[in-house]
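K.L.:
In the numbering used here, the protein residues as written are 25 to 426.
Backbone N, C-alpha and C fix where the C-beta goes; we use that ideal spot for every residue, glycine too.
Dumping the structure here so I can ask a few things about it.
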Amino acid sequence: MTTEATPPSTAASPSARQVWTRTRGIALALVVLLAAAVAIATIRSDARHGTLDPRSADRQGSRAVAELLADRGVDTTVVTTLDEARAAADADTTLLVAAPDLLTPGQQRALRTATTGTAGRTVLVAPGSPSVERLAPGVTADPANSLDSTLSPGCALPAARRAGTAETGGMRYTTTHLDADECYPSDRLATLLRIPETGGDGTGDTVVIGAPDILFNDRLDKQGNASLALQLLGSRPHLVWYLPTLSDTAAADEDDQRGFFDLLPSGWLWGTLQLFIAAAVAALWRARRLGPLVPENLPVAIRASETVEGRARLYRKANARDRAATALRSTTRIRLAPLVGVPLTQAHTPEALLPALSAHLHRHGDGQTLHTLLFGPPPGDDAALVSLADQLDALEREVRRP
């Protein structure tokens, strides 16, 4: 009865134990990192972070102004969807839009429709163009921002006069509304606008602020920032703080619902084609390069004849007749040296090998012929290489002949 022997493990097929030994350190580090991330997330799960977030105590959060408003009886509600913001629009409510530019054109028009005629107040924080033109028709944003962040009121608005100097410098606006309050001017352009509502009972208005600095936690105690923020946001008993998010797709019209390819810049197709051609040329260039030969222990035994034939094909493909001739002569000299009494260390020295070889041979040519055969120049063509191999073989047989 015969049994099949289990093939030995080689470098090409590492065992499961070897794989585990190599990777257990990385696996342990990943487990530690994951556990640390879970612990940190659990500890800070109740913390709020974000710019202009009334729940955030970060430097650019707005928790301080929300708590000051709460001390004055104004409750603050945070909403993150357009539907919630539209539903909250009311006469006793101030709606603050923290990032108007994040809204799509359709959302901006829907929000403007919901707040028109409600007798409430809408506060827009640093809207750019064309966002401000949709949310506050008749207002245009100037392309250049204010160079100064701290400005003087420069208007008759009571809230601005009581607050005094404040950090409103940022976006600058112009308006066609003749009854609008244009405050905190920079180069004669306002950085704060209050536009009264023309419809309804006339008590509603829209406030446009050019910079969010007066709402930040770390800037609230500077200049008249706190006074201006509390007066603008505390005129109604309820404050709805709208934080738009990119995931809110409510009221987005068909023009806003663009696909992936619609978001790519023009000319992307030609650019992709050029990159593809460049990658193909680079691959062809790298594929034609011949790197240095690297010796490697073969995992299996190969017959000597197959090795010789394989190496001969490589030499022929590379047109390396000089290397092939050098290998043939070197091997012949190593085999002949012990036969004529020359040490192997001097097998490649003509002065030691050739005299001993001439003395051993009685029917071979002169020393010059032996020198050309064993130490001569490389053959000029394949036929000369084959002739050299035959001559070396004949020389070795003659030396071995008794």
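Let's test the definition: count the other Cβ atoms within 10 Å of the Cβ of I64 and tell me whether it reaches 16, buried, or not, exposed.
P.N.:
So I64 ends up on the exposed side.
K.L.:
Are G144 and L106 closer than 8 angstroms when you measure CB to CB?
P.N.:
In this structure, L106 does not lie closer than 8 angstroms to G144 by Cβ.
K.L.:
Buried or exposed: D95, going by 16 or more other Cβ atoms within 10 Å of its Cβ?
P.N.:
Per the 10 Å Cβ criterion, exposed.
K.L.:
So what does DSSP say about R421, is it helix, strand or coil?
P.N.:
Three-state result, R421: helix.
K.L.:
Tell me the rounded alpha-carbon separation between A413 and R327.
P.N.:
The straight-line gap from Cα to Cα measures roughly 21 angstroms.
K.L.:
When you compare the CB positions of L416 and L385, do they come within less than 8 angstroms of one another, or not?
P.N.:
The answer is no: Cβ separation not under 8 angstroms.
K.L.:
Can you list, in chain order, the residues of its chain whose CB lies under 7 angstroms from that of G365, leaving out five sequence neighbours each side?
P.N.:
Cβ within range, chain order: A380.
K.L.:
Would you tell me roughly how many angstroms separate the C-alpha atoms of D237 and T199, rounded to the nearest one?
P.N.:
Their Cα atoms are separated by approximately 22 angstroms.
K.L.:
So Q247 and T189 are in contact, right, with Cβ under 8 angstroms, and what is the actual spacing, rounded?
P.N.:
With a Cβ gap of about 5 angstroms, Q247 and T189 count as contacting.
K.L.:
Since A88 and L252 are thought to touch, with beta carbons under 8 angstroms apart, how far apart are those beta carbons, to the nearest angstrom?
P.N.:
Actually they are not in contact, since the Cβ atoms of A88 and L252 sit about 14 angstroms apart, beyond 8 angstroms.
K.L.:
Following the continuous beta strand (DSSP E) through R218, name the residue where it begins and the one where it ends.
P.N.:
Segment L213 to P220, the beta strand (DSSP E) holding R218.
K.L.:
Between P167 and the rest of its own chain, which residues show a CB-CB distance below 8 angstroms, the 5 nearest in sequence each way excluded?
P.N.:
If we look at P167 and ignore the five residues flanking it on each side, its Cβ neighbours are S153.
K.L.:
Between the beta-carbon of S176 and the beta-carbon of G193, is there less than 8 angstroms?
P.N.:
For S176 and G193, no; Cβs fall outside 8 angstroms.
K.L.:
Taking the runs of the beta strand (DSSP E) that are 3 residues or longer, which of them lie wholly in the region 100-140?
P.N.:
The qualifying runs are 117-121.
K.L.:
Could you give the distance in angstroms between the alpha-carbon of L239 and the alpha-carbon of H201?
P.N.:
So the two alpha carbons sit approximately 26 angstroms from each other.
K.L.:
Does V156 come out as helix, strand or coil in the three-state DSSP assignment?
P.N.:
In this structure, V156 counts as helix in the three-state DSSP scheme.
K.L.:
Would D70 be called buried (16 or more neighbouring beta carbons within 10 Å of its own) or exposed?
P.N.:
Reliability fails at D70, whose pLDDT of 47 lies under 50, so the model's placement of it is uncertain and the value that follows must be treated cautiously. So D70 ends up on the exposed side.
K.L.:
Out of L363, R185 and A407, which has the shortest C-alpha to C-alpha gap to R425?
P.N.:
Among L363, R185 and A407, the Cα nearest to that of R425 is on L363.
K.L.:
Does DSSP put A5 in a helix, a strand or coil?
P.N.:
In the structure displayed, the chain extends from 25 to 426; residue 5 sits before or after that span and is not available.
K.L.:
Buried or exposed for D205, going by 16 or more other Cβ atoms inside 10 Å?
P.N.:
D205 should be labelled buried.
K.L.:
Which value, in whole angstroms, describes the spacing of the CA atoms of V22 and E91?
P.N.:
Here the chain comprises residues numbered 25 to 426, so residue 22 is not present and cannot be evaluated.
K.L.:
Going by CA-CA distance only, name the one from Q131, V98 and V231 that's closest to A109.
P.N.:
When each option's Cα is compared against that of A109, the closest is Q131.
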